[in-house]
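Residue numbering for the sequence shown is 35 to 339, as defined by the numbering used here. Glycine included, each C-beta is placed from N, C-alpha and C at the ideal position.
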Amino acid sequence: MLLESLFKQGWLHEVWQRKTSLLSGALAILSLSLAHYAGFLMKVPLQIVAVAGLPLAKGVTATFLFYVLFCAVFARVLTSMFQLVALPFLTATDRLELGFRRKMAWLHQRRFVRSHKETIKWEGYIWVILQAAIFLLVMLAIYVKFTMTWFSGVGLFTSIIFVFLSGLVRAGFFLQPNPSIFIKKIKRRPAYSGRAASATFVTATAALIVTAFFMGSMRASLLRNDEPHMIVTREFTGNANIIASTEGALLLFQKQGDEFRYIYSTPEFTASMETKPIFSPVDSHKEPLCRLTIPAQAKTCLSTE
């Protein structure tokens, strides 16, 4: 009975009342990899996506999740190293008096206990925020190497701002747009705390989805603008950029001036699409089985053994 009454009166009850939005947030977290893949394929022609979209999803998603785990561990290691330096210093400053010759102030025990409790209280939030910031910077530095176009940069920051504003609306901040009063209501009223917890979860999920989408776009842009390498397959030999690969299948990209060509090569067949027929044939020793012309002066070709 006691647990039931606490549940009905506490913030868990308010969170349960908003279980639909929380469930939507949980499902959205599971779709982070799909959001990233959608951003990755945003500039790939639909003709190539129709052929290579599903087979390449495994390789692109696995690479993205590997970098996410790697950067998360790296951010955790850097945060732990900073903790080893910062925590003893913060603890010592509670005991030190101001002045040129500092000495331990053992008489001010009560002040030390009070300040030490405040340090412990806010410590967890500080480390979580610091670790999240380091994780984002490491992902931008390693995964996309700060490759940011006008579209991805403006879109990313604009979307995050609107997501943050929508989170404040969900939390009821604009009913009383005073930060101090809003925080006091969250601490004292279960309804406000439950609403704030639900809004924080949903807002953080939306921000992660937006970030994953634009990171996928930036990753694809980085790979397209990289230096081309010599690629040799059964149907193609030449310089190209590898956009994605999985289980013997390759998505290649070639560019000459303003014109470009995508090539999807597998052990069974090769599909290509180019904006203009200025590139060398995919297989110079064989005539392709089909040569189709699509609108906007683009050409699609499918060749098999």
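No residue range can be given for Thr300, since it is assigned to no alpha helix (DSSP H) and is classified by DSSP as neither H nor E. In the DSSP assignment, Thr192 falls within the alpha helix (DSSP H) that extends over 184-205. For Val94, the secondary structure class from DSSP, reduced to helix, strand or coil, is helix. In the assembly as shown, Thr181 is a buried residue. Its beta-carbon has 16 or more other beta-carbons within 10 Å.
In the structure shown, Ile312 falls within a coil segment according to DSSP collapsed to helix, strand and coil. Taking 9 Å as the cut-off, the beta carbon of Ser65 is found no closer than this to the beta carbon of Thr95. With a contact defined as Cβ atoms closer than 8 Å, Val178 and Arg253 qualify at about 5 Å. Straight-line spacing of the CA atoms in Lys289 and Arg295 works out to 6 Å. By the neighbour-count criterion, in which 16 or more other beta carbons inside 10 Å mark a residue as buried, Lys221 falls on the exposed side.
Cα atoms of Thr300 and Ala283: separation of roughly 4 Å, rounded to the nearest angstrom. Runs of the alpha helix (DSSP H) lying entirely within the region 219-279, each at least 4 residues long, are 224-258 in chain order.
Between Ala241 and Val197 the beta-carbon gap is near 5 Å, inside 8 Å, which marks them as a contact. Short of 7 Å from the beta carbon of Pro79, and not among the five residues preceding or following it, lie these beta carbons of its own chain, in chain order: Tyr296, Met307. Residues of the same chain with a CB within less than 8 Å of the CB of Gly189, apart from the 5 flanking positions on each side, are Phe248 in chain order.
A check of alpha carbon separations from Gly87 across Ser214, Gly73, Lys310 identifies Gly73 as the nearest. When C-alpha distances from Ala230 are compared across Phe185, Phe313, Val83, Arg204, the shortest belongs to Arg204.
Only residues of its own chain outside the window of five on either side were considered, and among them Ala278, Thr280, Ala283, Leu285 have a CB closer than 7 Å to the CB of Leu90, listed in chain order. Residue burial annotation: Lys219 is buried, with at least 16 other C-beta atoms found within 10 angstroms of its C-beta.
Per the C-alpha coordinates, the member of Ser232, Ile217, Cys105 positioned closest to Ala167 is Cys105.
Boundaries of the alpha helix (DSSP H) around Ala72: 66-74. Straight through space, the alpha carbons of Ile163 and Pro213 are spaced by roughly 19 Å.
Secondary structure at Glu293: strand, using DSSP grouped into helix, strand and coil.
Residue pairing by DSSP places Phe116 in no beta bridge whatsoever.
Between Val85 and Leu75 a beta carbon distance of about 12 Å is seen, past the 8 Å cut, so the two are scored as non-contacting. In the same chain as Thr183, and ignoring 5 residues on each side of it, the C-beta atoms closer than 7 Å to its own belong to Ser255, in chain order. Using a Cβ distance threshold of 9 Å, Ser251 and Ser186 count as a contacting pair. Across the structure, Thr309 and Ala274 are spaced so that their CA atoms are roughly 16 Å apart.
Remark: C-beta atoms of Gly272 and Thr234 do not approach each other more closely than 9 Å. Assignment of Phe104 by DSSP, reduced to helix, strand and coil, places it in the helix class. Collapsing the DSSP output to three states places Phe287 in a strand.
Relative to Gln165, the option among Met264, Phe208, Met115 whose CA is nearest is Met115.
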